[in-house]
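In this note's numbering, the protein residues as written are 896 to 2039.
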């Protein structure tokens, strides 16, 4: 009966997709071997293949999916409706006028997005088709990565990347360990140690590994990189032996094997179920704040359009209430027209008016915006100041849709390792019993000594020498550093030459490498760890051997690590090093005050400090220690808690030896960049997977935390002492008591009397804060309290973050009530989620692969380039596109409102005011190029000033140039200009008389009277007015501006002369023949055109003069100063081919 149930379960798991989502664990059969009969049922579960998919479209869904996304845009959907109306009913204009531009925009956008997705497909294929080596039937078989299955035994060689998540079975090293870099996952480029399963580590050949008979039970895939729970059942003589599996046995996809010749491991999570893939967010289309404003304005103009159409429809039927007006003698209706219902006729007329006025929302604006974004993005790529000679790389623009968003950033979320820092730790000094030691610095062959410091050759007295050497030995022994001979290890600092051989230190922590190398420079060299014995070379060139008995590993709660060693003379020592806050309370003797003073001095300097202590052990004490540790290690339940309690009992009664200071080198100008971002009004958060101490030291060095910053901790250590609820409310009271009701935005510009707060939070505490509220608890507002604390802190550091937690932080800030614009910047695969989540994602071309660069919106070589990208490029892009959007709506109000007014004078007959050629070319040719050029090269302020004065960025913050106040001003200005143009021309035609040859002429201008003459006059004033308006708004003039602006006007005049001066054989009627030339032959008409243009422009000029005089912005003050002081022209933008650089 049991077999029947097992068969049924097998069938369910095979044919019901997603069965694994309903169970807590999965069973993996190593090498796809069935377990021995009688042990357990063989249930073959279905898992995805190892294919990675980061693309958005497939060949089959590209057209429908892309069309759906494009027609979600209000503008595209609107023009589609207008095009369909023109096809269905008889309208005043041709369907081509709407259909052709719409088709062009949709096609260009689809090609652009299709190309971007093709690049993602190409990148996916290169990953999915890379070869992997699988053990099958005792031989190594080569496969494509995508064909890898759960249960396959994989062979990986040194410097190769793991193709999926693996459980380590055996390695080339005798102790069953291997070394791995996880830089592309958690940002740490240091080497980590992983362990093979105890019972399989002896299987070192393909045949031996293939003979392993075992199953693995583990949890279902979940995104936490630092957690894994499972067990392996190894069948020996048909008797299963169970061993626990933890994160120390799990090799993650994307990590790289280092300093180990080869390993054998079994695949447990593949493809999109790997932890790396689960930490990726889906790539959704991002929209800028400007585009959202455009859509809002579009809705307003759509309402205006509908309102105008309704008014005209009502007025038409009011006008036609008189029978003589409804059916004049020259325009009798047909029978079918008379029989049509009045509601149908009214609706048809309404649609016809909609088509007539639809030019108020021109599709050309969206074409121009797309062109401006696309062409403008090249200025970033051409910028020589953003070229890195070391990497040989320039800035890259992966999507041009967000250029202007670079000028709106309020929050910057940055990774630490490889982004802010070079991850290159350097030993600076050590302090032993209050005496400071600095390694000799060689400069141009001369030994440079530190003033006022005790050097190693002037060591204080023989009495202290024993402590001094014990300190150096402690640092040479208390670490997890491995020694590698031979070639250089990528990303790891090279060791100092000793004799003929050159050794390289590798470790799970870069500061451990720095400390061991520092000791090497001070005369004590760590040689190797072999057969559980550590060898060091002392300054007398004698080799000392210590047996390594126990390692009490570092963790972020204890913030220290220890080793227990036995010397060659049999003495037992416990050496302990860690953060000062975790060492000082456990010290019972030593020169605590002197060392504490030096530690505080170094911390202020932004150096990473560690304290070193020791404790001699008797054989009896050591036996107690062994019993404690063994009992904790064998526990299957609460193992971590029992180990922590054991460590706490062992690491006590210490004797303080001294302290060290290590500098984590920042990237060039990283501190200057962060300072500039702060001055520009941006808040900078550091999100890192690194340890809290390392991250905090970097924050001090990069000036994120300043000397007077009061650090608030929201960490696991504190929440263990108090409940999370109490800690949050304590922190909230602390910051709000100082700041009252003010937020950072309010007091950031005030005097420095206010306390500056910095918050540190770790991943575990963040998970608790983000956890959904329970019904029986009052934790519902934890997020709000957390956000309130963050708002009142000048800087926030989030450490021990899983990649998905980084994205959650960004999402939390995005969703807060202010809805700020966010930017995320990072260099590793662990940063991809936050890069995709933020409004703007920037990848850094670091040493940690190209995942971040490939998934980002922009990529830059170094962190320092972010300053120019935001403060200069972002500022310019926003200024340019905001003017472009407002100007387009303005010039189309000017264009269409006279058409609306004209209906009152033509019986609401839907008669166009302008000729078809003018209707078609107004937005395409006559007025499009000047604004496009403006939006590409306008520089309202010199870029050097923008870099020197970051506070100018605040002038454009929060979409200030596209607020409703500005929008209403531009719209009212457009209506005013339209009224001046229309009625100015109307009064010119006020008095008319017949000439001798029967023509109707105006008395005052002697022009032929007619609707095309009237429309041409209005149109001429219109084209010149809107072009001059743009010229008045232009601050940065080059020969190209002059050529395009005046060239557009000349083109209009030449086109009008040709269009009205030649008989065109392909036209059925020549209504414009001789109209333009006859109009220009009238002297009063010339004077009228000049007067109307002047009358249209004067109010805007007067308004600007008054506003600049009474309420100038910071930007306008600088513009006024430069006009007074600068006599020579700016040379920022140079388009000559001999120009040495292109700066935008």
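All C-beta atoms, glycine included, are put in the ideal place defined by N, C-alpha and C.
Taking C-beta separations shorter than 7 Å and ignoring five residues to either side along the sequence, the partners of residue 1058 in its chain run 945, 1027, 1040, 1043, 1049, 1148, following chain order. Using a C-beta cut-off of 8 Å, the region 1150–1161 makes no contact with the region 1251–1271, since fewer than three inter-stretch Cβ pairs fall below that distance. Residue burial is scored here from C-beta neighbours: residue 1989 has fewer than 16 other C-beta atoms within 10 angstroms and is therefore classed as exposed.
With a beta-carbon spacing of about 6 Å, residue 1793 and residue 1808 fall inside the 8 Å limit used to define contacts. In this structure, residue 1954 lies near residue 1812, with their beta-carbon atoms less than 8 Å apart. Here residue 1548 has 1483, 1510 as same chain residues with Cβ atoms under 7 Å from its own Cβ, once five neighbours each way along the sequence are excluded. A check of alpha carbon separations from residue 1846 across 1857, 1136, 2003, 1577 identifies 1577 as the nearest. Shown here for residue 1211: same chain residues with a beta carbon closer than 7 Å to its own, the five before and five after excluded, namely 1244, 1803 in chain order.
Contiguous alpha helix (DSSP H) elements confined to the region 952–1022 occur at 957–966, 969–983, taking only those with 4 or more residues. Taking all protein chains in view, the Cβ of residue 1839 is surrounded by fewer than 16 other Cβ atoms within 10 Å, so the residue is classified as exposed. Exclusion of the five residues before and after residue 1544 leaves 1523 as the residues of its chain whose Cβ lies within less than 8 Å of its Cβ. Residue 1783 carries a helical assignment under DSSP once its states are collapsed to helix, strand and coil.
If you look at residue 1128, you'll find it in the beta strand (DSSP E) that goes 1125–1131. Per DSSP, residue 1829 lies in no beta strand (DSSP E); the unbroken alpha helix (DSSP H) holding it starts and ends at 1823–1832. Judged by DSSP in its simplified three-state form, residue 1511 adopts strand. For residue 1710, the closest alpha carbon among the candidates 1372, 1721, 1415, 1732 is that of 1732.
In this structure, DSSP gives residue 1776 a helical state, which the three-state scheme calls helix.
DSSP, read as helix, strand or coil, puts residue 1165 in coil. In this structure residue 1995 is not in contact with residue 1917, their Cβ atoms being roughly 15 Å apart against a cut-off of 8 Å. With respect to residue 1325, residue 1554 sits close: the two C-beta atoms are nearer than 8 Å. In the structure shown, the three-state DSSP call for residue 1580 is strand.
When the alpha-carbon of residue 1566 is set against those of 1297, 960, 1316, the nearest one is in 1316. Secondary structure note for residue 1192: its alpha helix (DSSP H) is the uninterrupted segment 1184–1214.
Boundaries for residue 1429: no alpha helix (DSSP H) harbours it, while the beta strand (DSSP E) harbouring it runs 1428–1432, taken from the DSSP string. Counting only the Cα atoms, residue 1860 lies some 47 Å from residue 1171.
For the 8 Å CB-CB criterion, residue 1722 and residue 1436 do not form a contact. In this structure, residue 1366 keeps its C-beta atom at 8 Å or more from the C-beta atom of residue 1140. Residue environment: residue 1771 is assigned as buried (16 or more neighbouring CB atoms within 10 Å of its CB, all protein chains considered).
Taking all protein chains in view, the Cβ of residue 1937 is surrounded by fewer than 16 other Cβ atoms within 10 Å, so the residue is classified as exposed. According to DSSP, residue pairing for residue 1320 in a beta bridge involves 1559. Rounded to the nearest angstrom, the Cβ distance from residue 1406 to residue 1320 is 5 Å, consistent with a contact under 8 Å. Counting only the Cα atoms, residue 1574 lies some 28 Å from residue 1779. Residue 1373 sits close to residue 1457, with the two beta carbons spaced by under 8 Å. Cβ-Cβ separation between residue 1678 and residue 1707: approximately 7 Å, consistent with a contact (criterion under 8 Å). About 17 Å separates the Cβ atoms of residue 1029 and residue 1111, ruling out a contact at the 8 Å cut-off. The Cβ atoms of residue 1302 and residue 1773 sit closer than 8 Å to each other.
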